[in-house]
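Peer 1: If you scroll down you'll find the structure; I have some questions about it.
Residue numbers (the working numbering): 2 to 297.
In structure tokens:
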């Protein structure tokens, strides 16, 4: 099963999604859908109780919903109960929620976007930009992030060309490259920033993204030049790419007089549009109220 895992946003909440190339359909994390509909603090427990209360639904889920490999909150991939669009709609029917209808519309929109993106891949980048803007990221950061996605894709394509197919090997190569320039594996870096389910690159500062992109971009060019084959040769390329970025990092830190590695995560330095409006509007309202009283 050729799969592409991703995170989709609904009502500012993350829903894990996998696109299956062979079946040409999306599979959504059932527990994430339940969390969206119920706002439950423990959606896994809610789902278990729901299946017990509704034996017909429990049987339907057990028979029709497959276990699909998806990222967990710790960043590792685990088999997760998943449902395609039709199955999600069946589950929605069993959960009384005001969000049911908006979620149905969202499911249809996601499917439509995928078809459009297959015809024109540039649309996938445009949708990502819109998501980042909605979350409150700066235009400068978004531009860097989009470029880093492109470089990352080039690197994984080079690894595939060099014979890397196993997902575990991709993760190890990423750790080798990340540790070479930052001094931390991906897991350690996420722990340093206090991250769990979140994407590490989505929580990097501009300088961190730049150095990670330098490491990956260098590894891409070295790979094109030397045509490494097998895990060992690709691991050497990954380490050398990371070393180049590590050298650049040390020069920058010498000029700045401090480390550029930041423990801050995105929520520490960006504010979603809704938060900004919540802070600004009350103040504006107070000003208007003051002017109104003066007129009187």
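All residues carry an ideal CB built from backbone N, CA and C; glycine is no exception.
1) Can you name, in chain order, every residue of its own chain whose Cβ lies under 6 Å from the Cβ of residue 26, other than the five neighbours on each side?
2) Compare the C-beta of residue 231 with all C-beta atoms of chain D and state if any pair is closer than 8 Å.
3) Which residues mark the beginning and the end of the beta strand (DSSP E) in which residue 26 is found?
4) Would DSSP call residue 62 helix, strand or coil?
5) What is the residue span of the beta strand (DSSP E) that residue 21 lies within?
6) For residue 37 versus residue 100, is the C-beta spacing smaller than 8 Å?
7) Just reading off the alpha helix (DSSP H) that residue 44 is part of, what are its end residues?
8) Mind checking which residues open and close the alpha helix (DSSP H) that includes residue 211?
9) Could you work out which residue in 238, 265, 48 is closest to residue 176 when comparing CA atoms only?
10) Where does residue 97 sit, in a helix, a strand or coil, going by DSSP?
11) Leaving out five residues before and five after residue 145 in sequence, what residues of the same chain have Cβ atoms less than 8 Å from its Cβ?
12) Do residue 11 and residue 18 have their C-beta atoms closer together than 8 Å?
13) With DSSP as the reference, label residue 81 as helix, strand or coil.
14) Looking at the structure shown, is residue 68 part of a helix, part of a strand, or coil, going by DSSP?
15) Quick test of the definition: if touching needs 3 or more C-beta pairs under 8 Å, does the stretch 183-201 touch the stretch 223-238?
16) Classify residue 8 as helix, strand or coil using the three-state DSSP reduction.
17) Nearest by alpha-carbon distance to residue 45: which of 93, 81, 60 is it?
18) Roughly how many angstroms separate the alpha carbons of residue 89 and residue 33, rounded to a whole number?
19) Among the residues of its own chain, which have a CB less than 8 Å from the CB of residue 50, if the five just before and after it don't count?
20) Determine the direct distance from the alpha carbon of residue 87 to that of residue 178, and round the result to whole angstroms.
21) Identify the continuous alpha helix (DSSP H) that holds residue 163 and give its terminal residues.
22) Compare the C-alpha of residue 132 against each of 269, 257, 9 and name the closest.
23) By how many angstroms is the C-alpha of residue 60 removed from the C-alpha of residue 269?
24) At what residue ranges does the stretch 128-192 contain a whole run of the alpha helix (DSSP H), taking only runs of 4 or more?
25) What whole-angstrom Cβ distance do residue 48 and residue 31 have, given they're in contact under 8 Å?
26) In angstroms with no decimal places, state the Cα-to-Cα distance between residue 219 and residue 267.
Peer 2: Here's the rundown:
1) Position 25 of the chain shown, counting from 1, holds the residue named residue 26. Result list for residue 26: 85, in chain order.
2) Among the chains in the structure shown there is no chain D, since it carries only a single protein chain.
3) By 1-based counting over the chain shown, the position of residue 26 is 25. Where residue 26 is concerned, the enclosing beta strand (DSSP E) stretches over 26-30.
4) Along the chain shown, one-based indexing puts residue 62 at 61. Reduced to three states, the DSSP call for residue 62 is helix.
5) The sequence position of residue 21 within the chain shown is 20, counting from 1. 14-21 is the extent of the beta strand (DSSP E) around residue 21.
6) Within the chain shown, the letter at position 36 stands for residue 37. Within the chain shown, the letter at position 99 stands for residue 100. The answer is yes: Cβ separation under 8 Å.
7) To locate residue 44, count along the chain shown from 1; it is residue 43. Taken as a continuous stretch (DSSP letters only), the alpha helix (DSSP H) holding residue 44 covers 44-54.
8) The count along the chain shown starts at 1 and reaches residue 211 at position 210. Residues 207-227.
9) Locating residue 176 in the chain shown gives position 175, counting from the first residue. It is 238.
10) Reading the chain shown from its first residue, position 96 is the one you call residue 97. Reduced to three states, the DSSP call for residue 97 is coil.
11) The residue labelled residue 145 in the question sits at position 144 within the chain shown. Closer than 8 Å at the Cβ level, and outside the excluded window around residue 145, lie 207, 210, 211, 214.
12) As a working note, residue 11 is residue 10 in the chain shown. As a working note, residue 18 is residue 17 in the chain shown. No, the Cβ-Cβ distance between residue 11 and residue 18 is not below 8 Å.
13) To locate residue 81, count along the chain shown from 1; it is residue 80. Correct three-state label for residue 81: strand.
14) For the purposes of this step, residue 68 is taken as the residue at position 67 of the chain shown. In the structure shown, residue 68 sits in a strand (DSSP, three-state: E or B).
15) no
16) Translated into positions along the chain shown, residue 8 becomes position 7. In this structure, residue 8 counts as strand in the three-state DSSP scheme.
17) Indexing the chain shown from 1 puts residue 45 at position 44. Here the closest residue by C-alpha is 81.
18) On the chain shown, residue 89 is found 88 positions in, with the first residue counted as 1. On the chain shown, residue 33 is found 32 positions in, with the first residue counted as 1. Near 11 Å, if we compare the C-alpha coordinates of residue 33 and residue 89.
19) As a working mapping, residue 50 is identified with position 49 in the chain shown. For residue 50, where only same-chain residues beyond five positions count, there are no Cβ hits under 8 Å.
20) One-based indexing of the chain shown puts residue 178 at position 177. One-based indexing of the chain shown puts residue 87 at position 86. Going by the C-alpha atoms only, they are around 41 Å apart.
21) Residue numbering aside, residue 163 sits at position 162 when the chain shown is read from its first letter. Residue 163 -> no alpha helix (DSSP H), and no H or E assigned at all.
22) Mapped onto the chain shown, residue 132 falls at position 131. Closest option to residue 132, Cα to Cα, is 9.
23) Here the question's residue 269 lines up with position 268 in the chain shown. Here the question's residue 60 lines up with position 59 in the chain shown. The straight-line gap from Cα to Cα measures roughly 44 Å.
24) 140-162, 168-183
25) For the purposes of this step, residue 48 is taken as residue 47 along the chain shown, with counting starting at 1. For the purposes of this step, residue 31 is taken as residue 30 along the chain shown, with counting starting at 1. Indeed, because the Cβ distance is near 7 Å, the residues count as touching under 8 Å.
26) By 1-based counting over the chain shown, the position of residue 219 is 218. By 1-based counting over the chain shown, the position of residue 267 is 266. Those two C-alpha atoms are separated by around 26 Å.
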